Every structure is written in C-alpha cells, then in structure tokens.
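Under numbering that gives the first Met the number 0, the first residue of the sequence shown carries the number 0, and numbering increases by one thereafter.
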Amino acid sequence: MVTSALGPRVLLRRLREVMAEPVTSQKRLDKIVTLIAGNMVAEVCSIYV
Numbered sequence: 000m001v002t003s004a005l006g007p008r009v010l011l012r013r014l015r016e017v018m019a020e021p022v023t024s025q026k027r028l029d030k031i032v033t034l035i036a037g038n039m040v041a042e043v044c045s046i047y048v
C-alpha cells in the first residue's frame, strides 16, 4: 500500500479503517506504520508506544 501525498482527510479515513479491522495488535500497528510512511514518502517510519 504505497501511496504518496495523501490529503489529511484521506489519511485519517484510512487510519480509521485500519483501526476498525479485526486483526492482531501487531498487524494493525504494521499497517498504520505503512500508511504513515507511504503518506510521508519515507523509507523508514517508527512509531513508539
């Protein structure tokens, strides 16, 4: 899911969809990191919990 330069509303909508998915916490976190990294056009993205 590599998408660059998403608008903030699109990013928030996709984050909300990911949060609603019935998956494990690790899978959800991986998807969130991938979404944010794609939006920021970054090869590396870290989220600290």
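Cβ coordinates follow ideal geometry from the N, Cα and C atoms, glycine included. The structure presented is a predicted model; accordingly, all values stated were derived computationally and were not measured.
- DSSP, reduced to helix, strand and coil, places residue 36 within a helical segment of the structure shown.
- For residue 16, the enclosing alpha helix (DSSP H) starts and ends at 7-19.
- Contact annotation: residue 18 and residue 27 have beta-carbon atoms nearer than 8 Å.
- One Cα belongs to residue 46, the other to residue 25, and the distance between them is close to 12 Å.
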